[in-house]
Amino acid sequence: MDFISNLPEPILHHIMSMLPDKDAAGTCVLSKSWYLTHSTFPILVFNESRFVKFNDKYNKNNFTTKRKQFYHYVDNTLLQFHIEDLSIQQLKLWLNLNDWIIKSRILPHIDFWIELARQGNVQVLDLTLHGIDNLQLNCIRYCIPSIVAQAKFLVKLSLDGCISLGEKFLSHPIEFSSLKVLNLAHVYFEDKRVFHNLLTSCRCIENINLSSCFGIDSVYIQGLSKLKEVKISGVITEIEIDALSLQSFQFSRGRADISNTIKIDKCTNLKELSLICFNITHQWVLQHYHLFTSIQTLELQYCCMPQRMNFYFPKLKVIKLQNCVRLGNAYIDAARLYQCSFIYCIVSNMLPIVSFVNCSTQLEISVKLSIQGDHFTFDYCKLKKFFLALQCRNISANISLWNIQKDENLLHNSSNHPPLLKHLHLDFLLENEVSFSHVTSLLWSCHPSIITCRLSNRKLIKVLCETLMNGKECFCSSRDIKCWWHDLKDVKITCPSLFDGNEICFDCKTLLEALPPFIRGDATFTFE
293 MDFISNLPEP ILHHIMSMLP DKDAAGTCVL SKSWYLTHST FPILVFNESR
343 FVKFNDKYNK NNFTTKRKQF YHYVDNTLLQ FHIEDLSIQQ LKLWLNLNDW
393 IIKSRILPHI DFWIELARQG NVQVLDLTLH GIDNLQLNCI RYCIPSIVAQ
443 AKFLVKLSLD GCISLGEKFL SHPIEFSSLK VLNLAHVYFE DKRVFHNLLT
493 SCRCIENINL SSCFGIDSVY IQGLSKLKEV KISGVITEIE IDALSLQSFQ
543 FSRGRADISN TIKIDKCTNL KELSLICFNI THQWVLQHYH LFTSIQTLEL
593 QYCCMPQRMN FYFPKLKVIK LQNCVRLGNA YIDAARLYQC SFIYCIVSNM
643 LPIVSFVNCS TQLEISVKLS IQGDHFTFDY CKLKKFFLAL QCRNISANIS
693 LWNIQKDENL LHNSSNHPPL LKHLHLDFLL ENEVSFSHVT SLLWSCHPSI
743 ITCRLSNRKL IKVLCETLMN GKECFCSSRD IKCWWHDLKD VKITCPSLFD
793 GNEICFDCKT LLEALPPFIR GDATFTFE
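Counting in the working numbering, the final residue of the sequence shown is number 820, and the numbers go up one at a time with none missing.
So, in structure tokens, the structure goes:
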């Protein structure tokens, strides 16, 4: 017996709201009661691509017919809600605008749909208008009507694509008293003051996302006492935020030749900071140093940084550093830090030395290094110094090498014992570059408890297995530091089964004999 269909309509609507849009739409065919429930479901999603397929454009008549059917479907649905005086919780419109004729026909429909939604007290308006010239400044755009500014029940406004906000938003009153989330992507502002005028009318705003918009090059935010999160990307040269309530700030520069000014020193409750392609100077650090006492998550990607940095983060828990140029040495005092991530693409021997002071024993460090270049000789001594400086045993590393000459350096003469790693995934992108010299040099710089490599990297597996079986001629008998394969008590090798994926144990000899059938998965060498 179907008990769910007999539930009150608000509960059924709540169940439908938890489903993906396509599945929620499919409930209308389950039964008559579900059909009636779907007809009053207040979350309206209209995706043109579900009516008009890509191949339909080659049949002009079919293409035009399906577009008209889509327009009528949206018209009739919204009119039904209007006639029956039903409220609209969400209206999501995803439309494809690929030529001027299509745009000229659909734009009046969009005005009509938005007005009906406003009269239905819409709370979420999500409008996406994509076209082939979507990212161009001079594309034909849909100008948002001023009636949107009167949607006083609106909680979330998302605009993306061939859309513009005109000067009428300067002269007409804006009644966004309930708006909490504002997402604007690829939107064109006809006047720089429009964005500021929008914000001053959104006293309840909590989240602002400004992505690759046109007509605006500076952002000033102040007086928003409930603001929690700001994300800005694109060609924005100047940002200033004065909001004590701000907890998360993310910035990504749109062009490398644009210099940026970011002033967030008054956001003293900031917990998450993410900077991408930003020039971090000593002066900027000193100006914002007091913010570091509250930051819990820090992400720096492709930032230009001073050669030497000292940081004190008493509350920092997570840090991510990715391809930050010029950084030579960094000292980070973070007693609560438990997760750290390094991602670096090394095209020379530049690798930052990062040291943690007072770090927790629970700290886990993830390192991903892509070492590549025009056949330069990589200095594995610097890799060893990098791991030693971290002073952490919970290190998992993923190292890939490409176009690197055979290393014949004097790493084995170093007096420091190689640091211990929890896990190392090793990958040579070119099979012919795998050599005993490379593998040995790499394992002079660190001693992993586990090594994994792709089963398709057969030459690497062969080097590892043959070294473990037979050893190689070495000259470590007179040194304190022995070659990596000495003093191993036991080696366990596992690979996934071709049939069920379960792990199968091998020794070096049987693995070498079984290599041809293996294509996917990793070989795992566990050392004791």
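Quick reminder that beta carbons are idealized off the backbone N, C-alpha and C, glycines included.
Bear in mind that the values here come from a model prediction, so they are computed numbers and not experimental data.
The beta carbon of Lys714 is closer than 8 angstroms to those of Arg685, Asn686, Ile687, Ser688, Pro740, Ser741, Ile742 in its chain, skipping five residues each way along the sequence.
Here DSSP, grouped into helix, strand and coil, assigns Gln683 to coil. With respect to the 8 angstroms criterion, Lys754 and Leu804 are classified as neighbours on the basis of their beta carbons. With a cutoff of 8 angstroms on beta-carbon distance, Val366 and Val416 are scored as not near each other. At least 8 angstroms separates the beta-carbon of Thr357 from that of Trp386. Look at the region 418-491 and you find these whole runs of alpha helix (DSSP H), each 4 residues long or longer: 460-463. Bounds of the alpha helix (DSSP H) holding Val577 are 574-580. In this structure, the beta-carbon distance from Leu718 to Tyr672 does not fall below 8 angstroms. Contact annotation: Phe373 and Phe343 have beta-carbon atoms that are not nearer than 8 angstroms.
DSSP places Phe728 in the uninterrupted alpha helix (DSSP H) bounded by 728-737. For Met642, no alpha helix (DSSP H) encloses it, and the DSSP letter there is neither H nor E. The residues Lys674, Phe678, in chain order, have a CB closer than 6 angstroms to that of Leu643 in the same chain once the five nearest residues on each side in sequence are set aside. Under the three-state reduction of DSSP output, Phe634 falls in the strand class. Note on Gly412: 16 or more other CB atoms within 10 angstroms of its CB, so buried under the neighbour-count rule. Residue pairing for Trp386: DSSP places it in a beta bridge opposite Asn339, Thr420.
In this structure, the CA atom of Ile572 is about 13 angstroms from the CA atom of Leu565. When the Cα atoms are used, Ser379 and Ser540 turn out to be separated by approximately 33 angstroms.
For Met597, no beta strand (DSSP E) run applies, since DSSP gives it neither H nor E. Residue pairing by DSSP places Pro740 opposite Leu713 in a beta bridge. For the pair Ser438 and Asn475, the Cα-to-Cα distance works out to about 18 angstroms. The three-state reading of DSSP puts Leu722 in coil, since its state is none of H, G, I, E or B. Beta-carbon to beta-carbon, Phe481 and Gly515 are separated by about 20 angstroms, too far to satisfy the 8 angstroms threshold. Look at Val755 here: in three-state DSSP terms it is helix.
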